[in-house]
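Line by line, the protein sequences give chains P and Z.
With the numbering used here as the guide, the letters of the first sequence map in order to residues 65 to 213.
With the numbering used here as the guide, the letters of the second sequence map in order to residues 12 to 114.
Ideal Cβ placement from N, Cα and C applies to all residues, glycine included.
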Amino acid sequence: MINVAVSIVLGIIALFSAIMAIEEKRPPRSLLYFVVFSISLAGFMIHVQLLALALMALALSLGSFAFIATLYSLAREEKREKKSLGLIVASIFALTLLAVFSRVELRGEVPEMILGLHKSALPLILAHGVFILALALSLRVIIKEGEKK
Amino acid sequence: MNYLDVYLYFSVMLMAVGIYGLLSKRNWAKILISLEIIVLSAMVLLGILLFSSSYLGIVVGQTFIVLLVFLDSSITGILLACIMLIYRKFKVKSPDEMSKLKG
Numbered sequence: 065m066i067n068v069a070v071s072i073v074l075g076i077i078a079l080f081s082a083i084m085a086i087e088e089k090r091p092p093r094s095l096l097y098f099v100v101f102s103i104s105l106a107g108f109m110i111h112v113q114l115l116a117l118a119l120m121a122l123a124l125s126l127g128s129f130a131f132i133a134t135l136y137s138l139a140r141e142e143k144r145e146k147k148s149l150g151l152i153v154a155s156i157f158a159l160t161l162l163a164v165f166s167r168v169e170l171r172g173e174v175p176e177m178i179l180g181l182h183k184s185a186l187p188l189i190l191a192h193g194v195f196i197l198a199l200a201l202s203l204r205v206i207i208k209e210g211e212k213k
Numbered sequence: 012m013n014y015l016d017v018y019l020y021f022s023v024m025l026m027a028v029g030i031y032g033l034l035s036k037r038n039w040a041k042i043l044i045s046l047e048i049i050v051l052s053a054m055v056l057l058g059i060l061l062f063s064s065s066y067l068g069i070v071v072g073q074t075f076i077v078l079l080v081f082l083d084s085s086i087t088g089i090l091l092a093c094i095m096l097i098y099r100k101f102k103v104k105s106p107d108e109m110s111k112l113k114g
């Protein structure tokens, strides 16, 4: 029961930080919210008993963090705000919640203890993390070379 | 209400937030953040739905999630390559400025 309560709290934190990572205009704070999102999502998965999946999600999102931090030097803040975006997000929420309430029926129970992934998948995930990190570093080197020229 | 329903609603709301960011933001970094949020929400959804079912569900879930990891890395790599090429070729810093692709 405690696991369920903690996972719901962490899920709410993850949802809030995801919204703030998208909506925040200052790049350092947006990146900080993204890190908070990835850590709280990993905590959520751990409390849902998906331990290896949580580690994998954390590795994925922190690898992407390196990419996004590199990309912020190329990006530019948008100045205009569209007022009709509230309608877009409201329609998305309405459609997805309608789909969940009307179509999906779950038959399973809460799993007792699942590690999520087989042990043999973990080296692949580590290799994926190294790949992402190498790509981010090479991107940074390319950008620096371009700035010198 | 089953606890799995709560987790399912959480992942659906997370996916909606990612789709909102993808549709509304005109910033490369925020588009990438939105893509990551969508991929992670799909991972949560698949993990919870498939790992909580039978043995076949566990096997299929592991396959799907390993596939999703490598799909995510390839999506990120291709997107970054596209961004770098567009930046070098057209010298634009925003997707709004890519008017040369409109034909």
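Counting C-beta pairs closer than 8 Å gives three or more between the stretch 43-63 of chain Z and the stretch 16-34 of chain Z, which meets the contact rule. Leu79 (chain P) and Val99 (chain P) have their C-alpha atoms some 12 Å from each other.
Between Val28 (chain Z) and Ile83 (chain P) the beta-carbon gap is near 6 Å, inside 8 Å, which marks them as a contact.
Using a CB distance cut-off of 9 Å, Lys36 (chain Z) counts as an interface residue toward chain P. Taking a beta-carbon distance threshold of 9 Å, Leu91 (chain Z) counts as an interface residue toward chain P. Taking 9 Å as the cut-off, the Cβ atoms of Leu115 (chain P) and Val80 (chain Z) do not count as close. Contact of Ala53 (chain Z) with chain P by beta-carbon distance below 7 Å is absent, the smallest such distance being about 11 Å. Between the stretch 189-202 of chain P and the stretch 85-96 of chain P, the count of C-beta pairs closer than 8 Å stays below three; the two stretches do not touch.
Residues of chain Z with a Cβ closer than 7 Å to the Cβ of Ala82 (chain P) are, in chain order, Leu25, Val28 and Ile48. With a cutoff of 9 Å on beta-carbon distance, Gly75 (chain P) and Ser104 (chain P) are scored as near each other. When the Cα atoms are used, Ala40 (chain Z) and Met120 (chain P) turn out to be separated by approximately 22 Å. For Ile72 (chain P), same chain residues with a beta-carbon under 8 Å away, outside a window of 5 residues either side, do not exist.
With a threshold of 16 other beta carbon atoms within 10 Å, Thr74 (chain Z) falls short and is exposed. Cβ-Cβ distances below 7 Å link Tyr136 (chain P) to Pro91 in the same chain, with the five nearest sequence neighbours on each side left out; the list follows chain order. Of all alpha-carbon atoms in Z:Ile97, Z:Val71, Z:Met26 and Z:Ala92, the one lying nearest the alpha-carbon of Ile48 (chain Z) is that of Z:Met26. Within chain Z, the residues whose beta carbon sits less than 9 Å from that of His192 (chain P) are Val80, Phe81, Asp83 and Ser84, listed in sequence order.
Gly75 (chain P) reaches chain Z at Phe21, counting residues in chain order whose Cβ is nearer than 7 Å.
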